[in-house]
Each structure stands twice: as structure tokens, then as C-alpha cells.
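Each residue of the sequence shown is one higher than the one before, counting from 143 in my numbering.
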Amino acid sequence: MPVRAGWWHVRVFIAEKPSMAMDIARALGSFRRGNGYFETDKGCVTFCIGYLLGQAPPEAYDAGLAKDKPWTFDTLPIVPAVWQHEVNPKTREQLAVIASLLKRATTVIHAGDAGREGQLIVDEVLQHCGFRGRVERLWLQSMTPDAIRKALGKMKDNREHAGLSAAATARARADWLTGMNLTRAFSIPWKRGGNGGALHIGRVKTPTLCFVVE
């Protein structure tokens with residue numbers, strides 16, 4: 143179903159997941175379901191499906207760093223000068239729906255989960271789509287209709303939550319730097335010793351596995 147033109151497009155809600163978008167639409171009143179969004183008299187409610195964008199792999203920065211190329215110590219560490227993202231192919235269509243809605247929007251209601259990851263998921267989409275209008279933050283800690291309507295009356299400028307987004311970005315980049323660099327650093331001697339495959343190292347996974355082994 144194509145996105146229809148109408149006055150309600152000037153106000154677009156972006157939730158973190160489909161179920162959350164439906165709860166918001168219900169709290170706003172009657173709604174009509176579209177392809178990737180809900181139309182209401184008080185705005186259009188669309189949604190992400192978790193992260194629609196991800197950290198680009200090493201080969202996005204240098205073709206010589208592709209997985210099928212030889213891994214050598216002289217290419218390490220890999221530290222991007224300007225970080226890049228890539229679109230998740232599994233949710234590309236939903237990102238296109240959001241981008242289409244944002245072209246008509248003058249105000250966005252950021253309705254990601256109340257936390258740093260929820261903050262970043264929607265912030266990344268807005269940045270990727272180049273949205274330059276007003277962004278308000280809908281901070282939801284309960285998804286009952288009354289709680290949603292109450293939160294709608296207490297929205298703040300999204301810029302007040304920039305610190306949460308920055309914290310989530312730092313976490314994502316720390317994961318990337320640890321995983322990409324240490325996996326390659328440990329895999330080089332691993333393979334030289336006659337072992338197959340890569341020896342995967344993760345910022346969270348590896349110490350957790352250590353706890354299990356101990």
C-alpha cells in the first residue's frame with residue numbers, strides 16, 4: 143500500500159518495533175494500517191525493526207581488508223577515520239518506508255525504547271535519512287494507552303538525550319574495534335599453527351566464555 147499524501151504526514155512517530163508502534167497508534171485513537179506504518183488523525187506512526195543500520199565491515203574502508211584477503215599484522219589496528227554504516231538488507235524495505243515518510247515530515251516523535259540503545263536506533267535512522275526538522279522525544283516506560291497519552295504531554299526536545307545516543311555509539315564502536323582487530327590478531331597465529339577458520343574474539347562474548355570455563 144503506497145504512502146498517501148495528507149496533512150498528517152507532517153508529524154511522524156518512529157517506534158523501535160512494530161508492536162510498540164501499534165500501541166502508540168491505538169493510544170492516539172482510530173487508525174488505518176499501511177505498509178510499514180499506521181495512519182491516525184494525530185500523525186503517522188512507523189517503526190524500526192531493531193537496528194536498520196549496522197557498522198560497516200573493514201572492506202568498506204579498504205578493499206584489501208576483505209575477509210577473503212590474507213590477514214596480516216601490518217594491517218592492524220584497523221581504526222576508521224570516519225565511521226560508516228551500511229543498511230541491513232533484511233530490513234531495507236522498512237527503512238525505505240521511513241525515508242519516504244520523513245520527506246513529508248516537519249516534526250518527528252522519537253519513540254524508541256527508553257534507554258541508550260533505543261535512543262540510538264532511531265537517531266541513526268534520522269541521521270541516515272538527513273532529517274532536519276524538529277524532533278521530540280516520547281519517553282515510554284509503560285505501554286498502556288493511559289501511560290502513552292500521559293507521556294505525550296511530557297515530551298522534550300530530543301537533543302536532551304544526545305548523551306544516551308553517544309553512549310550507545312561508543313559501545314557499538316568499542317565492540318567493532320575489539321572484535322575486528324583482536325579476532326584478526328589472534329587468528330593469524332591460530333591459522334599459522336595449522337588450525338582452520340578464524341578465532342573469534344568479542345568484547346562481551348570472550349570474557350563471558352572465560353567465566354563459563356572457569
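C-beta: ideal position from N, C-alpha, C; glycine also.
- In terms of Cβ geometry, R274 and A309 do not form a close pair [threshold 9 Å].
- Contact between the segment 170 to 185 and the segment 263 to 283 is absent, with fewer than three C-beta pairs closer than 8 Å.
- The beta carbons of E235 and A198 sit no closer together than 9 Å.
- When Cβ pairs closer than 8 Å are counted between the two stretches, the segment 205 to 225 is seen to touch the segment 324 to 331, the count reaching three or more.
- For C186, the uninterrupted beta strand (DSSP E) segment begins and ends at G185 to F189.
- Taking C-beta atoms as the reference points, I156 and H252 count as a pair closer than 9 Å.
- Residue state for F328 is assigned as helix, using DSSP reduced to three classes.
- Counting only runs that start and end inside the segment 237 to 271, the alpha helix (DSSP H) elements of at least 4 residues fall at 258 to 271.
- About 7 Å separates the CB atoms of V267 and L195; that is less than 8 Å, so the two are in contact.
- Under DSSP, Y203 shares a beta bridge with no residue.
- Closest option to L243, judged by alpha-carbon separation, among M162, F173 and G178: G178.
- Secondary structure at D210: coil, using DSSP grouped into helix, strand and coil.
- Excluding the 5 residues flanking it on each side, A169 has same chain C-beta neighbours closer than 6 Å at P287, I290 and R291, in chain order.
- Residues of the same chain with their beta carbon placed closer than 6 Å to that of K209 are lacking, with the five preceding and five following residues left out of the count.
- Taking the Cβ atoms as the reference, C271 lies roughly 5 Å from A241, within the contact range of under 8 Å.
- Residue state for H227 is assigned as strand, using DSSP reduced to three classes.
- Apart from sequence neighbours up to five positions away, the residues of its chain that approach R315 with a beta-carbon distance below 8 Å are Q197 and W225, ordered along the chain.
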